[in-house]
Amino acid sequence: MGFKTGSGFHLLVLIAYIAIFVYASSRFRRTGEVYVRELEGVKKIEEGIGRAVEMGRPVHWSYGTGAFDAQHMAAFSLLSYAAKLCAQYDCRMILSIALPELVPMTDEIIRKAYSEAGKPNQYNPDDIRFLGGSHNAAMIGTIAREKVAANFMFGSLFYESVLGVEAAAMNNAIQVAGTANTHQLPFIAAGCDSIFIGAEMFAAATQIEPTPVRVGSTYAEDWITRTMVVLMIIGSLMVTFGSDALIRLMKL
Amino acid sequence: MWEKLNQIDVRILYVIMVILVVFPLLKPIGLPLPISTQTKNSYQAIEENIKEGDLVFLGVDFSPLQEAELWPQLVAVGGHLANKGARIVMLHVVPGGFRYEGRFADVLKSEYGLEYGVDFLCLPFSAGREAAFEAIVHDIKGLYKVDLYGESLTGYPLWNEISSAKDFKMFVEIADAPDWWLRPMSQVPGLLLWNGTVASGASTMAPFYQSGQMCGFIVGMAGGAEYEALTGKTGLATGAMDSQSLGHALIILFVVVGNLGYYMTKRGNASVN
Amino acid sequence: MQFLKNQLPVVVTFVAAVTIVLNFYVDIPGLETVSNELVRWNVVLAAFALILGIGNIIKLHLKKIVRHEPDVFYSYVTLGTLAVFIIVGVVDTTEGSTYQWLWDSILLPLESTMYATTMFFITSAAYRAFRVKNAYAAVLMVSAILMMLRVGIFASFMPFTPDVAAWIWDIPNTAGMRAVVVGTALSLAGNAFRIITGLERGHLGGGT
Amino acid sequence: MAATLSVWLAAFLTLGVFSWMYKENPWFHFAENMYIGASLGHLAVTGFQNLKEIAVGPLVNENKYYMLIPILLGMLLFSRWTDKYAWMSRASMGFLVGTTAAVVMMGAIRAQLIQQVVATMMPLTSINNVIFVVLTIAATTYFLFTMRNKSAQKVMDLGKYVLMVAFGATFGNTVMSRISLFTGRAQFLLFQWLKIGQ
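Residue numbers (numbering that gives the first Met the number 0), protein chains in the order written: chain A, 0 to 251; chain B, 0 to 272; chain C, 0 to 207; chain D, 0 to 197.
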């Protein structure tokens, strides 16, 4: 029975996160005021779906082919936002899915979006396509054949980012993408109408629907990131003058 | 006139690209190739740290997608480890890896004369990626019962000498941006971490090499060609470097042409209205 | 009944997650094996979810065949290849020579060629997407070109390019990518926290 | 004979995929659908092997009866094939999500936050170190969403420029790997299929 070394500061970060989270979410419940930097990607998603409805073409959604991780959780909240819009405006959404774990969860989100829009019978499971390793070939095939008017890619993206973006660009579709995978950010930054860089995907959920839980976590994440920036400054200055006390503290 | 420059059909660009990249494959030009300090340091990391009989993990975690860049790396680095007399345990968590693990096992037997089960071992696929490595860190004997060929592992002397991941000197992981390998394996005290990745995965792993969490880090086809030059055995990677030079020249040209067309038509429209 | 539908999933999430988190911080005898076991169960469930996914695809294509939809031929191709791979894979195991033949003739060429198409898409991205529409796009382009100039042919007659590229790679690039990693770390942890405590259940059918 | 058939089939599929570059067409559509069947087939086979080794094996040979729990949770996922009983899969999804979230949370805070912040604490003795620390801090502030004051806005702008340099550098750096992928396929078509050169 004992404390594992190297997890002391780690626990401190977690406790600080929970404390600020509780404070910020209860403050939001009381005052209701929140400020989140404007993320233009959110409006672009709606614009893309609007364009698709005008042109009578479907929109395409992909999570990328990376292993199941928290990026997909952020993608779920963006998907439920987009799926509700699609259900409202009767816009067909075709989803290309590479990971098996995502199929039941995506199915649940789309099913819920249609039932909340009062159109449970319009929910079409055939548009949720599990493709495994062939995700990229099937994706560009679908984008070209269906002439999709909007292309959304959120989650753990790999080389499919440049494929999806350039394939949909041939339909001059409206494109919004987001990932935390640094190696793919250049391709969506260059090719998309608007992008979410890493943490922005998570903050978008707070901007779309500011619930106490989401406001609490965005503030907690912000405050701890600010503290980390301050620590970087202090730590660098201390190391410059020869003391690595802060580094040793953080490795406790 | 500038209008055309702004709307070139990309398929024309594709044809030019194919011609210039394929041409040197048939008639190599032999353009010069500088060796980066990063590859030199990674070579030294193995040269100095690995002695006869050291246990080394060799992660063969790439699929056909990355074969062009990572197979030459595996052959060059794996060969270097074999020459140093390391005892190699190969494994993979990426489904496509079993092909290359089997193929490199044949190379170790034929070219380096290593004996399977004594000098090196091949472990089978295990799903879950980060979870698989967590299991290797905590309880490698619990995770693996049979080897790549389905034979029980207890029959091999090398396997019986291993009790846990802590017995290993280094983990060489040949994979595309394997942060899912680094997070769990960084828990094993004293285990040197070494990664060969594809060029596109370099930015994910660069912070971990820069912070010293990894002692070696080579990148892409160029990294493979440079490592081949350092070990003195030229292979596939060296042959394709001419295509690289011409391909890069074309991409830069297209960026310039794209911007030229864009600016001229914008200036043209500006002066019109 | 209500408990089974809404509360049980959250309880399962919480118990499984807390076991692993606790094992990370504290050394309780026996907790290590339980935590490792749970991590391994994750792999088992992923295998079942795989079968579920494949079931969806078979259902989709069978429907197309039954309804005689226009490109039904392609559905025969998919189901046929799927059947061949499963039968040979189970009978001959992935190490068998017939399966290796299937792998070399079908899966290997398709996967590696699909990845090779990125060269074409990067070419059209260089021409189409790298247009300098604003100051940020200008920085993106210049930095990309400076990196590309370090390759053999340019390095030979412009010896400084590898050093410039190395500097851009080591300093601004690593700084920027580290910021993304640090900036995202808390979002990942925060998101995981919300899921473990059941505050975020979007994927389980209960909204937040 | 089998070898040449294999090379011809591989060449046929390779050219089929590349044909998309000209236009989406039946040749590509055929290769795409064969790819769907093959990749799902391979996933199924490796999935079955995994299940045998990690779940069914220990349950039957080493009679670890607790393996029934993950197997049962796994089977519950099949309830999603129905509409009425789809809710029965939620416990299994809860387990999948819970274990993944725990592993991610611990790894993210350790390797992606603490170790990276500590690594940024550099002695400000060299110009490069000073620039590196300043640029990392500026780029990190870009990921602050609730900061309103103006001076922070300027630092975040500098941060966005740093990110653009990083993205551009990564794009430039990736060109090499993309070209090498194509040269790999070109080498296959030229030397193994058409057997010219070499």
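All C-beta atoms, glycine included, are put in the ideal place defined by N, C-alpha and C. Remember, predicted model here, so these are calculated numbers, not experimental data.
A check of alpha carbon separations from D:V133 across A:I233, A:G241, A:L251, A:T4 identifies A:I233 as the nearest. Note that the C-beta distance between D:F11 and D:W19 is not below 9 Å. Taking 8 Å as the upper bound for CB-CB distance, B:A201 and D:N172 are in contact here, some 6 Å apart. Around the CB of D:Y65, fewer than 16 other CB atoms lie within 10 Å, so the residue is classed as exposed. Among the residues of chain C, those whose CB is under 7 Å from the CB of D:N127 are I170, following chain order. Going by DSSP, B:E51 is part of no alpha helix (DSSP H) at all; its letter is neither H nor E.
Neighbourhood of D:V16 in chain B, by CB distance below 7 Å: empty, with the nearest CB roughly 12 Å away. Following the DSSP letters along the chain, one finds A:A149 inside the beta strand (DSSP E) bounded by residues 149–153. Within chain C, the residues N35, V38, R39 have their CB atoms less than 7 Å from the CB of B:A134, given in chain order. For B:E172, no alpha helix (DSSP H) run applies; the uninterrupted beta strand (DSSP E) run containing it begins and ends at 169–174, by DSSP. Judged by DSSP in its simplified three-state form, C:V150 adopts coil rather than helix or strand. Beta-bridge partners assigned by DSSP to B:T196: B:V218. A Cβ-Cβ separation of about 6 Å places C:L51 in contact with D:R79 under the 8 Å criterion. Taking every protein chain shown into account, the CB of C:H67 has fewer than 16 other CB atoms within 10 angstroms, so this residue is exposed. For A:W60, the enclosing beta strand (DSSP E) stretches over residues 58–61. For A:F195, the enclosing beta strand (DSSP E) begins and ends at 193–196.
According to DSSP, B:I87 shares a beta bridge with B:V55, B:F119. Residue pairing by DSSP places A:G177 opposite A:F153, A:F195 in a beta bridge. The beta-bridge partner set that DSSP reports for A:R128 consists of A:S95. Judged by beta-carbon spacing, B:L181 lies beyond the 9 Å limit of C:E94, meaning their Cβ atoms are not closer than that value. Straight-line spacing of the CA atoms in D:I195 and B:A164 works out to 48 Å. Here B:R10 is exposed. Its C-beta has fewer than 16 other C-beta atoms within 10 Å.
Secondary structure at B:D178: helix, using DSSP grouped into helix, strand and coil.
In the three-state scheme derived from DSSP, where H, G and I count as helix and E and B as strand, A:D243 is classed as coil. For D:K159, the neighbours in chain C by C-beta distance under 8 Å run, in chain order, Y135. Taking a 10 Å sphere around the C-beta of D:M0, we find fewer than 16 other C-beta atoms and assign the residue as exposed. Taken through DSSP and simplified to helix, strand or coil, C:D103 comes out as helix. Between B:S41 and chain A, the shortest Cβ-Cβ separation is not below 9 Å. Using a Cβ-Cβ cut-off of 7 Å, C:L107 is close to P63 of chain B, given in chain order. Apart from sequence neighbours up to five positions away, the residues of its chain that approach A:A172 with a beta-carbon distance below 6 Å are V147, A148, A149, N150, ordered along the chain. In this structure, A:I196 keeps its C-beta atom at 9 Å or more from the C-beta atom of A:A189.
Shown here, B:D105 sits in a helix according to DSSP, grouped into three states. A:P103 belongs to the set of residues whose beta carbon lies under 9 Å from a beta carbon in chain C.
The shortest CA-to-CA distance from A:I139 to any of C:T117, C:K4, C:V9 is the one to C:T117. Contact annotation for D:H28 against chain B: no contact, minimum CB-CB distance about 19 Å [criterion: below 7 Å]. Those residues of the stretch 144–158 of chain D placed with their C-beta closer than 8 Å to a C-beta in chain A are F144, T145, M146, R147, ordered along the chain.
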